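Asks: Residue numbers (my numbering), protein chains in the order written: chain G, 3 to 135; chain Y, 211 to 852; chain C, 60 to 268. Where is the CB? At the ideal position from N, CA and C, for every residue including glycine. Here the structure is a predicted model, which means the values were calculated and not measured.
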Amino acid sequence: MTARPGPHARLTGGLLLWYGVLGGAAAWAVHLIAAWSLDELACAAKSERIAGVPLWQALSVAVFVPGVATVGSLLVATLVLRRTGQARAAGAHDRALERSRMLAVVGVWANLLFLTIIALGGVAVLVFPPCQG
Amino acid sequence: MSTTTSTPPGIGRDDLARLAEHWDEPRSLRAWFTTVDHKKIGRRYLVTAAFFFVLAGLSALVMRTQLARPESGVLSPQEYNQLFTMHGTAMIFLFATPMLFGFGNFLVPLMIGSRDMAFPRLNAFGYWVFLFAGLFMWASLPFGAAPNNGWFAYAPLNQDQHNPGLHMDVYALGLLFLGISTTSGAINFIVTALKLRAPGMSLNRVPLFVWAIVATAFMVVFALPALNTDNALLFLDRRFDTHFFDPGGGGNVLLWQHLFWIFGHPDVYIIVMPGLGIVSAVLPAFTRRGVVGYPLIVLAIVAISIVSFGVWVHHMFATGLPQLSYSFFSAASTIITIPSGIQIFAWLATMMLGRLVLRTPLLFVIGFIVTFVLGGFTGAMFALTAFDQQVTDSYFVVAHFHYVLLGGALFPILAGIYFWLPKITGRMYHEGLGRWAFWLVFTGMHVTFFPMHLYGLFGMPRRVYTYRSDLGWDVGNLISSIGSYVLALGLLLVLIGVVHAIRRGRPAGPDPWAGDSLEWSAASPPEAYNFPVIPRVHSLHPTWDERTAESTTTGATKDRILSEGKRTLFTSELDARPERAAQMPEPSFKPLVLAGVLLVFFTALLLGAYPVAVAAVLAVAATIAAWLWPPRRPDEEIGIAS
Amino acid sequence: MTDRGGVVAAATGVEALTTEEPVGRPTGWWGMVMFVATEATLFACLLGSYFYLRFQHGPVWPPDGIDKPKLLIPLVMTGVLVPSSLPVVWAEHGIRRGQRWRLRAGLAATLVMGLSFMALLVIEYREDLTHFTMTTNVYGSLFYVITGFHGLHVSVGLAMIGWLLAASLRGGSFGSHRHERVRNAAIYWHFVDTVWVAILFTIYLSPRL
Ligand code: HEM
Ligand SMILES: [Cu+2]
Numbered sequence: 003m004t005a006r007p008g009p010h011a012r013l014t015g016g017l018l019l020w021y022g023v024l025g026g027a028a029a030w031a032v033h034l035i036a037a038w039s040l041d042e043l044a045c046a047a048k049s050e051r052i053a054g055v056p057l058w059q060a061l062s063v064a065v066f067v068p069g070v071a072t073v074g075s076l077l078v079a080t081l082v083l084r085r086t087g088q089a090r091a092a093g094a095h096d097r098a099l100e101r102s103r104m105l106a107v108v109g110v111w112a113n114l115l116f117l118t119i120i121a122l123g124g125v126a127v128l129v130f131p132p133c134q135g
Numbered sequence: 211m212s213t214t215t216s217t218p219p220g221i222g223r224d225d226l227a228r229l230a231e232h233w234d235e236p237r238s239l240r241a242w243f244t245t246v247d248h249k250k251i252g253r254r255y256l257v258t259a260a261f262f263f264v265l266a267g268l269s270a271l272v273m274r275t276q277l278a279r280p281e282s283g284v285l286s287p288q289e290y291n292q293l294f295t296m297h298g299t300a301m302i303f304l305f306a307t308p309m310l311f312g313f314g315n316f317l318v319p320l321m322i323g324s325r326d327m328a329f330p331r332l333n334a335f336g337y338w339v340f341l342f343a344g345l346f347m348w349a350s351l352p353f354g355a356a357p358n359n360g361w362f363a364y365a366p367l368n369q370d371q372h373n374p375g376l377h378m379d380v381y382a383l384g385l386l387f388l389g390i391s392t393t394s395g396a397i398n399f400i401v402t403a404l405k406l407r408a409p410g411m412s413l414n415r416v417p418l419f420v421w422a423i424v425a426t427a428f429m430v431v432f433a434l435p436a437l438n439t440d441n442a443l444l445f446l447d448r449r450f451d452t453h454f455f456d457p458g459g460g461g462n463v464l465l466w467q468h469l470f471w472i473f474g475h476p477d478v479y480i481i482v483m484p485g486l487g488i489v490s491a492v493l494p495a496f497t498r499r500g501v502v503g504y505p506l507i508v509l510a511i512v513a514i515s516i517v518s519f520g521v522w523v524h525h526m527f528a529t530g531l532p533q534l535s536y537s538f539f540s541a542a543s544t545i546i547t548i549p550s551g552i553q554i555f556a557w558l559a560t561m562m563l564g565r566l567v568l569r570t571p572l573l574f575v576i577g578f579i580v581t582f583v584l585g586g587f588t589g590a591m592f593a594l595t596a597f598d599q600q601v602t603d604s605y606f607v608v609a610h611f612h613y614v615l616l617g618g619a620l621f622p623i624l625a626g627i628y629f630w631l632p633k634i635t636g637r638m639y640h641e642g643l644g645r646w647a648f649w650l651v652f653t654g655m656h657v658t659f660f661p662m663h664l665y666g667l668f669g670m671p672r673r674v675y676t677y678r679s680d681l682g683w684d685v686g687n688l689i690s691s692i693g694s695y696v697l698a699l700g701l702l703l704v705l706i707g708v709v710h711a712i713r714r715g716r717p718a719g720p721d722p723w724a725g726d727s728l729e730w731s732a733a734s735p736p737e738a739y740n741f742p743v744i745p746r747v748h749s750l751h752p753t754w755d756e757r758t759a760e761s762t763t764t765g766a767t768k769d770r771i772l773s774e775g776k777r778t779l780f781t782s783e784l785d786a787r788p789e790r791a792a793q794m795p796e797p798s799f800k801p802l803v804l805a806g807v808l809l810v811f812f813t814a815l816l817l818g819a820y821p822v823a824v825a826a827v828l829a830v831a832a833t834i835a836a837w838l839w840p841p842r843r844p845d846e847e848i849g850i851a852s
Numbered sequence: 060m061t062d063r064g065g066v067v068a069a070a071t072g073v074e075a076l077t078t079e080e081p082v083g084r085p086t087g088w089w090g091m092v093m094f095v096a097t098e099a100t101l102f103a104c105l106l107g108s109y110f111y112l113r114f115q116h117g118p119v120w121p122p123d124g125i126d127k128p129k130l131l132i133p134l135v136m137t138g139v140l141v142p143s144s145l146p147v148v149w150a151e152h153g154i155r156r157g158q159r160w161r162l163r164a165g166l167a168a169t170l171v172m173g174l175s176f177m178a179l180l181v182i183e184y185r186e187d188l189t190h191f192t193m194t195t196n197v198y199g200s201l202f203y204v205i206t207g208f209h210g211l212h213v214s215v216g217l218a219m220i221g222w223l224l225a226a227s228l229r230g231g232s233f234g235s236h237r238h239e240r241v242r243n244a245a246i247y248w249h250f251v252d253t254v255w256v257a258i259l260f261t262i263y264l265s266p267r268l
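1. For Glu756 of chain Y, count neighbouring C-beta atoms within 10 Å of its own C-beta (all shown protein chains included) and say buried if the count is 16 or more, exposed if not.
2. What does the alpha-carbon distance come out to for the pair Thr217 of chain Y and Ser761 of chain Y?
3. Tell me, which residues are paired with Phe780 of chain Y by DSSP?
4. How big is the Cα-Cα spacing for Ile507 of chain Y and Trp839 of chain Y?
5. Answer yes or no: does any C-beta atom of chain G fall closer than 9 Å to that of Ile516 of chain Y?
6. Give, in chain order, every residue of the region 92-112 of chain G whose Cβ lies closer than 7 Å to some Cβ of chain C.
7. In chain G, what lies closer than 8 Å to Glu74 of chain C by C-beta?
8. Report all residues from its chain with a CB closer than 6 Å to the CB of Pro85 of chain C; omit the five preceding and five following residues, and keep chain order.
9. How many whole angstroms separate the CB atoms of Gly69 of chain G and Ala121 of chain G, which I take to be in contact at a CB cut-off of 8 Å?
10. Is Gly618 of chain Y a contact residue of ligand 2, with contact defined as CB to any heavy atom under 8 Å?
11. First and last residue of the alpha helix (DSSP H) that includes Phe606 of chain Y?
12. In angstroms, rounded to a whole number, what distance separates the CA positions of Ala69 of chain C and Gly22 of chain G?
13. Under 8 Å: does the beta carbon of Trp471 of chain Y sit that close to some heavy atom of ligand 2?
14. List, in chain order, every chain G residue whose beta-carbon is nearer than 9 Å to that of Ala513 of chain Y.
15. Bridge partners for Arg237 of chain C per DSSP, in chain order?
16. Could you tell me the boundaries of the alpha helix (DSSP H) in which Lys871 of chain Y lies?
17. Quick check on the burial criterion: 16 or more other C-beta atoms within 10 angstroms. Buried or exposed for Thr295 of chain Y?
18. Against Ser782 of chain Y, what residues of chain C qualify as contacts under a CB-to-CB distance less than 7 Å, listed in chain order?
19. Of all the CB atoms in chain C, is at least one closer than 9 Å to the CB of Glu50 of chain G?
20. Using a threshold of 8 Å, is the CB atom of Leu594 of chain Y nearer than that to any non-hydrogen atom of ligand 1?
21. Quick one, are the C-beta atoms of Gly666 of chain Y and Tyr613 of chain Y less than 9 Å apart?
22. Please list the residues of the region 71-89 of chain G that have a C-beta atom closer than 9 Å to any C-beta atom in chain C, keeping them in chain order.
23. Pull up the distance between the alpha-carbon of Leu385 of chain Y and that of Ala343 of chain Y, whole angstroms please.
24. To the nearest angstrom, how far is the alpha carbon of Cys133 of chain G from that of Leu115 of chain G?
25. Return yes when the C-beta of Ala647 of chain Y is under 8 Å from any heavy atom of ligand 1, and no when it is not.
26. Does the distance from the CB of Ala112 of chain G to the CB of Leu83 of chain G come in under 9 Å?
27. Excluding sequence positions up to five away, which residues of its chain have a Cβ less than 7 Å from the Cβ of Glu729 of chain Y?
28. Under 6 Å from any heavy atom of ligand 2, by CB: list those residues in chain order, please.
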């Protein structure tokens with residue numbers, strides 16, 4: 003933390019912040035499209051398997067992977083919250099700090115929201131038989 | 211500290227004179243057609259959208275007159291079909307969104323401390339296209355050729371063999387034409403909010419109204435293409451015998467419905483979101499404090515605009531989807547209520563913690579909360595599938611969405627009109643008149659639409675031009691019709707109030723409400739250049755903040771006065787650090803010409819004059835090429851390596 | 060290991076995390092990016108409609124005895140269109156250094172490649188039209204409308220490139236300080252290229268899967 007970060011680290015950090023803010027949203031979009039089209043296509047083809055894999059397992063992947071991505075995003079957002087909190091406590095006051103902090107707050111709550119939606123989808127996969135109309 | 215002897219306090223007379231010289235447009239006919247001033251364009255959006263609202267509202271009154279008594283003969287079934295379709299289509303596409311874009315146009319540059327939009331000529335173009343597209347659609351009504359298949363125009367009834375004549379061609383082409391305006395306006399809002407914010411206005415200091423407009427604009431960018439695709443395919447089906455929605459040729463009618471609702475559900479939020487932004491902008495002035503939980507409201511705005519894309523299937527549950535697919539979407543439908551709830555509770559908390567100043571705008575905000583929450587409540591009832599199946603296509607649905615739309619769009623718009631009228635016209639409205647208008651609108655609204663829940667539950671279907679008297683719906687319908695006249699009277703009082711303010715109102719001064727955002731730091735009505743000195747923003751409530759005020763007086767600096775040329779300041783995307791002073795475009799006829807050529811194009815398509823349409827396309831290309839043609843500059847200036 | 064740890068620490072330090080990104084883009088760039096975003100959504104809707112109609116249609120696709128699309132011409136078209144982004148990039152880099160000749164040469168090359176693409180599209184259509192048309196069935200409608208709509212976009216892109224070329228031949232238009240329009244047209248052209256790959260997959264390859 004003593005050395006100033008190079009341009010590469012700065013770019014990564016700047017993008018990391020956005021992953022913390024919008025990662026959950028992106029993961030949810032992937033989850034929705036993947037789970038929906040897998041289910042629709044398999045059922046329309048009157049089969050409960052996709053390329054040999056049972057449909058419910060394929061669907062679980064479409065829940066689990068985005069879920070993990072959202073948790074990662076949540077962790078990044080909390081990290082930003084902590085780092086900016088520490089810097090603030092150390093007396094730093096600049097716009098970029100406050101702006102990142104605000105975005106991190108938005109990120110934490112947004113990720114919780116999207117994690118809930120994805121988790122509800124996971125529950126549905128466990129509860130419903132995949133092709134019942 | 212900020213006043214050193216070398217900088218004069220505030221801004222000099224010569225600077226003001228130069229600013230006026232560069233920015234003022236003469237009062238001439240030519241200037242009227244060529245203006246690129248976001249305030250004039252915003253005003254035009256407001257007036258034009260209000261005009262379309264009057265047309266759509268009159269259509270509704272005629273319908274209510276027809277329905278006041280059983281088996282009356284004011285309208286034929288065909289006329290009724292056209293009226294409810296034009297009413298719905300115009301209210302959604304020609305009133306709600308353009309009206310809110312009008313507020314956005316007038317206010318966004320003022321709120322972010324800029325002198326215009328990012329693309330002023332594109333802005334003018336967007337307005338002309340909106341005007342022409344609206345006239346294009348309404349002009350079909352006197353010819354008896356107006357759209358007649360409901361505002362969502364379901365297939366297969368929208369197909370040529372079921373619905374001959376121009377009706378649905380007008381719908382498809384009119385909405386495609388209008389889409390050009392909506393899309394260009396949305397892109398303009400996004401870029402303006404990203405690049406033209408006053409220095410210091412980092413993302414955590416952006417007014418909630420601007421957040422709402424930008425979120426809306428993003429929704430438009432990603433939702434409207436679905437509607438455009440739908441309408442383009444419809445037009446091809448009708449005119450060029452393709453088979454997208456035609457089961458006879460292997461097509462599928464459900465494709466229309468899916469594409470429509472991929473657009474349609476976000477559109478509900480496209481309509482309501484700026485209204486919610488207006489509420490967040492009005493509240494601080496009448497509670498004397500900032501809205502509680504700023505980051506949470508930003509969260510709500512962002513989350514709603516994203517999740518709204520993942521719920522469309524709930525409009526289509528009757529179509530035999532696997533239960534599991536359906537539940538991926540209903541998870542989103544359930545969760546989207548949380549951010550909406552967050553906003554409502556934040557506003558309630560703001561009102562509880564603040565000192566209420568009960569003026570007309572606040573009355574409309576309270577009316578909004580009551581109505582919108584009731585609408586949300588009946589909406590939650592639809593989540594019960596069995597109930598939904600029971601009331602689908604009944605008047606219960608009509609009641610529900612009027613609560614949501616009048617609550618979520620009309621009431622905030624009326625609040626906004628009273629709130630910003632002093633800024634727009636420089637004159638104060640008559641408070642007594644305003645209160646009467648509020649109570650009439652509020653009463654009229656509930657008297658009209660509440661009974662619809664009941665006779666909807668008793669089985670009255672929507673979209674019927676009349677009903678038999680033995681079904682027991684007479685009394686309810688009569689009450690609804692009376693209510694609609696009361697509502698109309700209230701709206702008439704709003705209009706009278708506006709005219710009265712313009713004619714007789716007392717001068718308002720720059721800041722009649724002691725508001726918090728930057729538009730209240732500008733004159734009323736604002737100068738052509740908005741701000742003599744572009745402020746340096748130090749907080750979320752810049753007009754309440756000493757340091758920001760000082761930055762435009764004693765702390766004024768050359769780089770924020772920018773009086774040499776028609777210039778404004780571009781700043782960086784997230785933290786609004788100054789980047790460069792940019793030259794803004796002069797007035798031009800080209801936006802009007804381009805919109806006019808497009809009108810020719812769409813009219814030619816409608817009438818089947820395809821060679822004319824092709825010629826119009828070439829004219830469009832030529833106009834755009836001329837519009838963007840770079841001026842010739844010396845090689846040293848543009849930087850040519852020798 | 061320590062080195063990598065240092066990188067991670069740097070990237071997750073408060074200074075890196077509060078770096079402003081994106082930053083410093085011109086308004087025209089943002090405008091074009093948003094325009095491309097909405098256009099891309101339009102193509103996503105069209106291609107989504109293709110798959111929706113296909114899977115709702117039943118097992119035989121293309122239907123009604125239409126052959127699966129032949130691949131030779133479309134692959135040549137891909138070979139012409141996708142690399143055509145390179146000269147634009149080269150031209151753009153040139154004009155940023157004030158080298159006008161690179162701008163002119165690069166744009167001309169792209170123009171030629173784009174026009175060849177359009178010529179190949181015409182050849183492709185002439186062949187296909189002998190078997191089925193837009194009105195034959197929904198497959199025909201999808202085929203011609205999607206490829207035609209893309210062809211329209213290529214034409215618009217070519218108009219932009221041609222316009223840039225004309226302006227740069229006149230002189231006094233672009234240089235190391237003024238190249239925003241070149242950049243924006245280039246973004247559009249890359250978009251048109253990328254969409255073609257999605258269309259190639261959807262229209263030509265997916266029926267064979
Ligand atoms: C100003 C007072 C209004 C009255 C008296 C009114 C009345 C009506 C009536 C009578 C119908 C037809 C119901 C049927 O036959 O199914 C209707 C439909 C509709 N209204 Fe309104 N309305 C009003 C305002 C609005 C507003 C402000 C909006 C939207 C912003 C709106 C949006 C719609 C829509 C979307 C439909 C459905 C059209 C269709 O079935 O396709 N209305 N309204
Ligand atoms: Cu919906």
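Replies: The short version:
1. exposed
2. Only weak support is given to the placement of Thr217 of chain Y: the predicted model assigns it a pLDDT of 39, under 50, and the question is left unresolved by the model.
3. Y:Arg790
4. 43 Å
5. yes
6. Ala98, Leu99 and Ser102
7. Arg6, Pro7, Arg12 and Gly15
8. Glu239
9. 7 Å
10. no
11. Tyr605 to Leu615
12. 17 Å
13. yes
14. Ala27, Val108, Trp111, Ala112, Leu115 and Phe116
15. C:Gly234
16. Nothing about residue 871 of chain Y can be reported from this structure: the residues present for chain Y run from 211 to 852 only.
17. buried
18. Glu79, Val82 and Gly83
19. no
20. no
21. no
22. Val78, Leu81, Val82, Arg85, Thr86, Gln88 and Ala89
23. 8 Å
24. 27 Å
25. no
26. no
27. Leu317, Leu320, Met321 and Lys633
28. Y:His475, Y:Val478, Y:Val521, Y:His524 and Y:His525
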